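Visitor: Protein chains in written order, with the numbering used here: chain A, 59 to 218; chain B, 108 to 285; chain C, 271 to 913. Backbone N, C-alpha and C fix where the C-beta goes; we use that ideal spot for every residue, glycine too. Remember, it's a predicted structure, so these values are computed and weren't measured experimentally.
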Amino acid sequence: MRSFITLLFLSLVQINFVLAQVEFRTFKNTEQERQYNVLIDELRCLVCQNQNLKDSNSDLAKDMRNKVFSMLSDGKNKDDIVEHMVARYGDFVLYKPPFKSITLLLWIGPLLFFVIAFVSVVRIVKSRNQDEVTTKLSEAEHQRAEALLNPSDKNKDKTA
Amino acid sequence: MLKLKFILPFIIFSLLVVLLFVGLSNDPRKVPSPLVGKPTPGFELPQLKDPSKSFNPDMLKGKVWLLNIWASWCSGCRVEHPILNELAKRKMLTMVGFNYKDTNDDATKWLAQFGNPYDVVATDQDGSVGFDYGVYGVPETFFIDKKGIIRYKHIGPVSYKDLTEKLIPLIKQLKAET
Amino acid sequence: MIPEFGQFALVVGLVCAFLQTTVPLVGAYKNIPAWISVARPAAQAQFLSLAVSFACLVYVFIQNDFSVLYAAQNSNTKLPLEFRISAVWGAHEGSLLLWALVLALWTYAVTIFSKKIPDVMIARVLAVMGFISIGFMLFILVTSNPFTRIFPAPLEGRDLNPLLQDFGLIIHPPMLYMGYVGLSVAFAFAIAAMLAGRLDAAWARWSRPWTSIAWVFLTLGIALGSWWAYYELGWGGWWFWDPVENASFMPWLVATALMHSLAVTEKRGCFKAWTVLLAVFAFSLSLLGTFLVRSGVLTSVHSFASDPERGLFILIFLIIVVGGSLILYAWRAPAIKSTSKFKFFSKENALLMNNILLIVAAASILLGTLYPLVIDALGVGKISVGPPYFNSVFVPIMVPLIVLMGVGVLIRWKEDNFQRIQKHVFKYVVISLALGVLSAWFMPHLTIGAVIGVTVAWWVVLSMSFNFMQRFKNRELSISALQKTPRSYYGMHIAHIGIAVFTVGVTLTSIYSTEKDVMLTPGQSYSMAGYEFKFAGAKRIVGPNYQGERGKVIVTQDDQVIAVMEPEKRIYTVQRSPMTEAAIDAGLTRDLFVAMGEPRGTEGGWALRLYHKPYIRWIWLGCIIMGIGGLLAATDKRYSKAK
């Protein structure tokens, strides 16, 4: 059954290409290891075609990973390391854009889109329904209209 | 007829097109340096010619100078080198070579072969100082003023056009400052 | 000879496309039946020419004709045959020819499966598609000709990038293009309808199956890309919010909104203007994607070409096609009248909210993708926008959407009230929550994220199942009743359940994946996620165009051998790039992943990367289920029966 499912998921191809570098490091504790993994995930490799430090096997990425590791081992925290990198490479090195005046629109954008879309659509739908309200006929008017439309058919107005 | 909500998609699209058009002339891979306008990061590195001597940026306080990051394994450096040689001939400023992630042997041979425009060459064999300068690719060239502030970073090889149109005027401007 | 013939066939195709565009369009405007009838044969001739042209390029690759520059750059005599063929679309020029071929294929399909649609309409549809074909073929001939010769011809090609020498290259691009390009049909129908001034339920009904099938291809194409990246790039990731990935995901989101909007237009006669706009947006995003991938405006691991000159050509084409469509929209849309109203609590409104969320999601992704460009263009610096941003923006939009999915299906058209479905909703919300908490309980640790993800997935499944059974509320549930149920009814429910499955996969794998880099000597083992990974050494291997080392890792659980995994490290002879090949033990509830790093020490030890990825296959399984649902809906018999 397992092999059937394997077949089903086309994962027969057990040997598959991989690009990332495997680096073995000894961390002082799991918290440091966790922080390391978060940092190399969120920091960008500057010379690569849109890869983070984790994925990249370029020399610069290697240097940067080593730097992150050594700074963590020295007891620095995540913010210190991020600041260190930004001081040298600029905001470009961060995959999580900082909260600045120039990125305000970026972070607020989605919420803004939603509010604008929601409000405009509600208005459009409401205005459409308003038309219906103003054109509703009263019962008496309705019967009169029926009589005018079907003068010879006295049975029809029962179904009005 | 031209109710706003119907023409709005076109307007937004037009803005997008303008953005993309401008984007075509930009290079998304060029990363500007946050060090521009800040003092040069300090360091002490051995000199290429005589490793017992060291070079320190403070030694050049009061002078206008450039720091050219290069390596013997870098093809772009070879392309820009004649331009640097040309600049050296004009004796306009102190030129400091920064040999990045290289060996002294290879560096010396390279300079012997292609010419040495530098007044002094500092060697950063493991690249740790380069890291402080935000070096991400070679060649890169920093221009530093008399007060020791980095005023401009040129990314990539220096072309003749760059030299005449941008860099020489910059050097003259920096020299004119007190 | 063959390359020149291929190029000639391409020129013939261009001429056919030109005839396909101009003659029928004028004929439709002036009502000349003879000119209108030129559309179908011209389109079919175009397809034939492009098929021939493409076949010539394939022949060039099979025969290793390195006098053709494109083949020399992307192939090699030692490349296995299947990769020599798929290398045809492995780079810019060839993939563009594939684009043009797929467009011609869709055009051909339109000529065949449109017998019930008025000729005038089809003439306009084909004319619009023809215009796009012209644009692409001109682009190929002028800037990106795959048939260009090189003299002297090298004896050996540069080889295909080892990363691309994979099954994924064989199926992912064609599937993706079928989706991307397929959206041009809905686009063409929308333009044709606007030109004719006829936007009614019939137009919506004609457009629906075409849109659904394109959507199915796009869904599967994106899923294939994700799956390929997962086993290819080696660190267990399956989506990176890379600009090129976003370029395919945005049309998908808009196409999903389009499908729902078309359903409303067909059934209720409203949303017409929005549906038209969505059809234009969906394909515009496809074209924008083509621009982003090939212009060098954004950096991406996937980009084909970084050529601003080519980028300019596509941008101008984009301006003409999209700008023109939006001007047409601004002109014609004000006259579109909806024929019905709906109340706040109605299916129409629920679908409207659904579409708003989808469009906001697409717009947010566009914002994030293009923002670095904006900052750079304004000259205020350089920033990067990556997964942390997209994840934090996308998830809060998706969760309400999925909840809404379960609610919307239960609401009636036009007018409904919450009291009617209140007790069912509360009942299923409670059950979902219970199941959600229970499922998360069985995971290594309980997290809010897991509870939310699994709960909303259960909510969708329960809601869909309940709704499905509503059909049999007053009739008996028999085999014949099930057989009489229309395919689209099955399709709709199945597709939404697919999303639930997808959600579970994403939630659980994102939260509970474990990964570790370890150093093991032969005989040593490491314990992770309840499994024992024992390293049994590595040995040298030689392949057709590479050599390397193959390791052996025996995985046991409670002393039972689960798998023997053999990751490799290869060096490709031509490009001399080292490639690590992961070994994956796939399973329905988890994947185990082992990749080799570097040899360490003198005792035959190696650095290895180990992964445990729970429920990751559910991500692609969910997409497959979505695709099946979409296919069922698209092939509903009423599309072939009705006029």
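In chain order, what residues of the same chain lie with their CB nearer than 6 Å to the CB of serine 570 of chain C, ignoring the 5 residues before and after it?
Guide: Within the same chain, serine 570 of chain C has close Cβ partners Asp512, Pro513 and Val514.
Visitor: Could you name the residues of the same chain whose beta carbon sits closer than 6 Å to that of alanine 770 of chain C, not counting the 5 residues immediately before and after it, in chain order?
Guide: These residues qualify, in order along the chain: Ala727, Val730 and Val731.
Visitor: Pair every Cβ in the segment 190–202 of chain B with every Cβ in the segment 167–177 of chain B, then say whether three or more of these pairs are closer than 8 Å.
Guide: Touching, per the Cβ criterion.
Visitor: What are the residues in the segment 797–822 of chain C lying within 8 Å of chain E by C-beta distance?
Guide: You won't find chain E in this structure, because its protein chains are A, B and C.
Visitor: Are the Cβ atoms of isoleucine 895 of chain C and glycine 793 of chain C separated by less than 7 Å?
Guide: Their beta carbons are not under 7 Å apart, which means isoleucine 895 of chain C does not touch glycine 793 of chain C by this criterion.
Visitor: In the DSSP output, what is lysine 994 of chain C paired with across the bridge?
Guide: Residue numbering for chain C in the displayed model covers 271 to 913; residue 994 of chain C lies beyond these limits and cannot be assessed.
Visitor: Going along the chain, which residues of the segment 214–244 of chain B sit with their C-beta nearer than 9 Å to a C-beta in chain A?
Guide: Cβ contacts with chain A: Asp233, Gly234, Ser235, Gly237, Phe238, Asp239, Tyr240, Gly241, Val242, Tyr243 and Gly244.
Visitor: Name, please, each residue of chain C whose Cβ falls closer than 8 Å to the Cβ of asparagine 87 of chain A.
Guide: Near asparagine 87 of chain A there are no residues of chain C at all, since even the closest Cβ is about 15 Å away, more than 8 Å.
Visitor: Evaluate phenylalanine 914 of chain C with the Cβ neighbour count: other Cβ atoms within 10 Å of its Cβ, from every protein chain shown; 16 or more gives buried, anything less gives exposed.
Guide: Residue 914 of chain C lies beyond the stretch modelled for chain C, which goes from 271 to 913, so this question has no answer here.
Visitor: Going by beta-carbon coordinates alone, are proline 164 of chain B and alanine 195 of chain B separated by less than 7 Å?
Guide: The answer is no: Cβ separation not under 7 Å.
Visitor: Does the beta-carbon distance from valine 228 of chain B to asparagine 211 of chain B come in below 7 Å?
Guide: Not a contact, by the Cβ cut-off of 7 Å.
Visitor: Would a check of beta-carbon distances place arginine 468 of chain C closer than 7 Å to chain A?
Guide: It does not: the Cβ of arginine 468 of chain C has no partner Cβ on chain A nearer than 7 Å.
Visitor: Only counting the same chain, and skipping five residues up and downstream in sequence, which positions put a Cβ closer than 8 Å to that of arginine 870 of chain C?
Guide: Cβ neighbours of arginine 870 of chain C beyond the five flanking positions: Met789, Trp876 and Ala877.
Visitor: When you compare the segment 379–393 of chain C with the segment 420–440 of chain C, are there three or more beta-carbon pairs, one atom per stretch, that lie closer than 8 Å?
Guide: No: the two stretches stay apart, fewer than three of their Cβ pairs being nearer than 8 Å.
Visitor: If you pair each beta-carbon of the segment 150–164 of chain B with each one of the segment 226–246 of chain B, do three or more pairs fall below 8 Å?
Guide: As far as the Cβ criterion goes, the segment 150–164 of chain B touches the segment 226–246 of chain B, which means the pair count is three or higher.
Visitor: By the criterion of Cβ-Cβ separation under 9 Å, what are the contact partners of valine 125 of chain B in chain A?
Guide: By Cβ distance, chain A contributes nothing, its closest Cβ being about 17 Å from valine 125 of chain B, past 9 Å.
Visitor: For chain A, is any of its Cβ atoms less than 7 Å away from the one on proline 658 of chain C?
Guide: Yes, proline 658 of chain C counts as interfacial toward chain A.
Visitor: Which residues in the same chain as glutamine 290 of chain C place their Cβ atom closer than 7 Å to its Cβ, once the five residues preceding and following it in sequence are excluded?
Guide: Only Ala309, Ala312, Ala313, Gln316, Leu396, Ala397 and Gly400 meet the Cβ criterion.
Visitor: Tell me the rounded alpha-carbon separation between leucine 901 of chain C and lysine 268 of chain B.
Guide: Distance between the alpha carbons of leucine 901 of chain C and lysine 268 of chain B: 59 Å.
Visitor: Taking buried to mean at least 16 other C-beta atoms within 10 Å of its own C-beta, is aspartate 861 of chain C buried or exposed?
Guide: Buried is the call here.
Visitor: Does any C-beta atom of chain C lie closer than 7 Å to the C-beta of arginine 136 of chain B?
Guide: Yes, because at least one Cβ of chain C sits closer than 7 Å to the Cβ of arginine 136 of chain B.
Visitor: Rounded to whole angstroms, what's the CA-CA distance from isoleucine 272 of chain C to threonine 418 of chain C? Just pull it up for me.
Guide: Approximately 12 Å, taken between the alpha carbons.
Visitor: Would a check of beta-carbon distances place tyrosine 94 of chain A closer than 7 Å to chain B?
Guide: No, no contact with chain B.
Visitor: In chain A, which residues lie less than 7 Å from arginine 879 of chain C when you measure between Cβ atoms?
Guide: The contacting residues are Val80.
Visitor: Output, in chain order, the set of chain A residues within a Cβ distance shorter than 8 Å of glutamate 868 of chain C.
Guide: Within chain A, the residues near glutamate 868 of chain C are Val80.
Visitor: Out of C:Thr777, C:Arg820 and C:Val831, which has the shortest C-alpha to C-alpha gap to phenylalanine 803 of chain C?
Guide: When only C-alpha atoms are compared, the closest one is C:Val831.
Visitor: Using DSSP's beta-bridge definition, name the partner residues of alanine 471 of chain C.
Guide: None, per the DSSP bridge assignment.
Visitor: Check each residue of the segment 640–651 of chain C: if its Cβ is closer than 9 Å to any Cβ of chain A, include it; give the result in chain order.
Guide: Those residues of the segment 640–651 of chain C that come within reach of chain A (Cβ to Cβ, closer than 9 Å) are Tyr641, Pro642, Val644, Ile645, Leu648, Val650 and Gly651.
Visitor: Here's the rule I'm using: 16 or more other beta-carbon atoms within 10 Å means buried, otherwise exposed. How should tyrosine 909 of chain C be labelled?
Guide: Classification for tyrosine 909 of chain C: buried.
Visitor: Please compile the residues from chain B whose C-beta is within a distance smaller than 9 Å of the C-beta of lysine 125 of chain A.
Guide: Under the 9 Å cutoff, chain B gives Ser235 and Phe238.
Visitor: By the 10 Å Cβ neighbour count, where 16 or more other Cβ atoms means buried, how is leucine 708 of chain C classified, buried or exposed?
Guide: With fewer than 16 Cβ atoms within 10 Å of its Cβ, leucine 708 of chain C is classed as exposed.
Visitor: Can you tell me which of the three DSSP states valine 105 of chain A falls into?
Guide: Reduced to three states, the DSSP call for valine 105 of chain A is coil.
Visitor: On the CB-based measure, 16 or more other CB atoms within 10 Å of its CB, does tryptophan 711 of chain C come out buried or exposed?
Guide: Its Cβ having fewer than 16 others within 10 Å, tryptophan 711 of chain C is exposed.
Visitor: If distances are taken between C-alpha atoms only, which option among C:Asn624, C:Asn619, C:Phe664 and C:Ala632 comes closest to tryptophan 915 of chain C?
Guide: Outside the displayed range of chain C (271 to 913) lies residue 915 of chain C, so it cannot be described from this structure.
Visitor: Any contact between the segment 628–640 of chain C and the segment 161–171 of chain A? By contact I mean 3 or more CB pairs, one from each, below 8 Å.
Guide: Yes, the segment 628–640 of chain C touches the segment 161–171 of chain A.
Visitor: Is the beta carbon of tyrosine 885 of chain C closer than 7 Å to that of leucine 716 of chain C?
Guide: Not in contact: leucine 716 of chain C and tyrosine 885 of chain C (Cβ atoms no closer than 7 Å).
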